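Take a look at the structure below.
Residue numbers (this note's numbering): 129 to 412.
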């Protein structure tokens, strides 16, 4: 058995300038809890943050995020989403992935897997939908061809290309799903799994035979009002951090509720099973 690749994923940080909050949340405090959780994991090779790094894309918000990540002991792969500003992001993070055309895209090859990170931010047209122009699709095609054939490809993009039964979010999905599928067809290779953000909900499924994973945001969540049009409704569900292990072609994903601070108890304990109420459980 070879050594595993293990990494964490966060998405939709929605940072604001230091001292400000959003929906009552302090993004720096939320990120601090997530980064502290990383220290409890047995192995973290790097962290992926899958877009919507900031809520309004202000330079001061990126400065705040850069400061919050300054002491992170592992590398971080940053992506952009619809709430980001590419120029302000690049000014704060000049070493972030660059495909040579100004887009925040990269091919990251590791011993156990190759990660492709795409930039779906559309700054040319107002709205929160995602876009993959011809230049970005060409990068995807090149990356798929260059990724070693002996290990899985993990594809990351902020915007999902599929409908997800939440109409106001479906309206701002990636607009170029058919063009993305055409790239896979030309290359003769699909990613083994597709990781996304944007939706602020935990969702898994298959898209044209490709398994996909979407996780809760670091901040506020989107309420699951299925098949109902109208405004996007929020919820105060707890955030998730995904902990991914890749070994010998297998991909394992644990969604971790890292803000949980309740008891951790022995499920095989007769004493624990006999408590009168859940609040009587204690960590043992």
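The beta-carbon is built from N, C-alpha and C at its ideal position, and this holds for glycine as well. Note that the structure is a prediction, hence the values are computed from the model and not measured.
The residue among 249, 266 and 321 with its C-alpha nearest the C-alpha of residue 259 is 249.
Look at residue 399 here: in three-state DSSP terms it is helix. Taking 8 Å as the cut-off, the beta carbon of residue 165 is found closer than this to the beta carbon of residue 369.
For residue 307, the enclosing alpha helix (DSSP H) stretches over residues 305 to 315. Inside the region 148 to 211, DSSP marks whole beta strand (DSSP E) runs of 3 or more residues at positions 175 to 178 and 204 to 207, from first to last along the chain. Within the model, the alpha-carbon separation for residue 372 versus residue 292 is close to 23 Å. For residue 284, the uninterrupted beta strand (DSSP E) run begins and ends at 281 to 285, by DSSP. For residue 411, same chain residues with a beta-carbon under 6 Å away, outside a window of 5 residues either side, are 391 and 392 in chain order.
Counting along the chain, residue 295 sits inside the alpha helix (DSSP H) bounded by residues 295 to 298.
Per DSSP, residue 134 is not a residue of any alpha helix (DSSP H); the beta strand (DSSP E) it occupies stretches across 133 to 138. Put simply, the backbone Cα of residue 361 is about 8 Å away from that of residue 353. Assigned with DSSP and collapsed to three states, residue 143 falls in strand. Ranking 187, 156, 311 and 286 by CA distance to the CA of residue 340 puts 286 first. In this structure, DSSP gives residue 332 an extended state, which the three-state scheme calls strand. Residue 363 and residue 382 have their C-alpha atoms roughly 22 Å apart. With contacts defined as CB atoms closer than 8 Å, residue 240 and residue 273 fail to qualify as a contacting pair.
A straight line joining the alpha-carbon of residue 216 with that of residue 400 spans about 52 Å. Spatial neighbours of residue 243 in its own chain (CB-CB distance under 6 Å, excluding positions within 5 residues in sequence) are listed in chain order as 236 and 282. Between residue 179 and residue 325, the beta carbon gap of about 5 Å places them in contact (Cβ cut-off 8 Å). Straight-line measurement puts the Cα of residue 148 at about 7 Å from the Cα of residue 154. Per DSSP, residue 216 is one residue of the alpha helix (DSSP H) stretching across 214 to 220. Shown here, residue 267 sits in a helix according to DSSP, grouped into three states. In the DSSP annotation of this structure, the continuous segment of the beta strand (DSSP E) that includes residue 234 starts and ends at 234 to 237.
In the structure shown, residue 375 adopts extended strand secondary structure according to DSSP, grouped into three states.
A Cβ-Cβ separation of about 6 Å places residue 183 in contact with residue 150 under the 8 Å criterion.
A residue is called buried when at least 16 other Cβ atoms come within 10 angstroms of its Cβ; residue 172 meets this threshold and is buried. Residue 336 is classed as exposed because its beta carbon has fewer than 16 other beta carbons within 10 Å across all chains shown.
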